Each structure stands twice: as C-alpha cells, then as structure tokens.
Amino acid sequence: MYLGIDLGTSSMKCLVIGEEQEIIHSVSSEDIPSSNPQSGWSEQDPSSWIVALDQCMLRLKSKININEINSVSFSGHMHGATVLIRIMK
Numbered sequence: 003m004y005l006g007i008d009l010g011t012s013s014m015k016c017l018v019i020g021e022e023q024e025i026i027h028s029v030s031s032e033d034i035p036s037s038n039p040q041s042g043w044s045e046q047d048p049s050s051w052i053v054a055l056d057q058c059m060l061r062l063k064s065k066i067n068i069n070e071i072n073s074v075s076f077s078g079h080m081h082g083a084t085v086l087i088r089i090m091k
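Numbering (this note's numbering), first residue to last: 3 to 91.
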C-alpha cells in the first residue's frame, strides 16, 4: 500500500492506494484555520498542519493497518513561505 498526503490551503487529505493503484481508503482533516491580516494575504499556523496530519492518521489507523504502508508521498500548497525562528517555531 502507498500513502499520499496533500496539505491543501483548507485541509489535509490522505489517500491510500494498493499495488494495482486501486483506492483502499481516503480521509481528510478538519478545516485548517486561516487568517487574512491584510488584503491579499493568507496565513496559517504551521502547528495546525501537525494537528491535521494527526487527525488523518488516526482516521486511517481505524480503517487500515498502517504498518502495511510501503511508501509515503507528500505534497503541499505552493507559493508560500514557512518562517521558523531559532527555537523552530
């Protein structure tokens, strides 16, 4: 089985497919909150991405044996920057 994880601008989606590219199971997180401090800006707290991943993985674990996942692919939204300070926050 293979796991695809997509961090979108509004939620995280996870899809598990089998050897023949058949869909085994798919889940999504709750909405990821965004703020718009100025016109044309959109911001998210990166810690909400970890919460979304936890939600997806818990939902998957209740449906499939995640130990059978052979590989993981990850995609994220584009044209954005994630800035970390010294303590990695």
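In this text, a Cβ means the ideal position worked out from N, Cα and C, and glycines have one as well. All figures in this text were calculated on a predicted structure; none of them were measured in a lab.
Identity of the residue in the options nearest residue i by Cα
i: SER64; options: ILE34, ILE26, LEU9 and HIS81; result: ILE26
i: MET3; options: SER73, SER28, MET59 and VAL85; result: SER73
i: SER31; options: LEU55, LEU86 and PHE76; result: LEU55
i: LEU5; options: GLY82, SER37 and GLU21; result: GLU21
i: ILE34; options: SER75, GLN23 and CYS58; result: CYS58
i: ASP8; options: SER41, LEU86 and GLY78; result: GLY78
Buried or exposed (CB count within 10 angstroms, at least 16 for buried), residue i
i: MET80; result: exposed
i: VAL18; result: buried
DSSP state of residue i mapped onto helix, strand, coil
i: LEU60; result: helix
i: SER75; result: strand
i: GLU24; result: coil
Open item on the list: With a threshold of 8 Å, are at least 3 pairs of Cβ atoms found where one atom belongs to the region 43–53 and the other to the region 64–76?
Closed with: no
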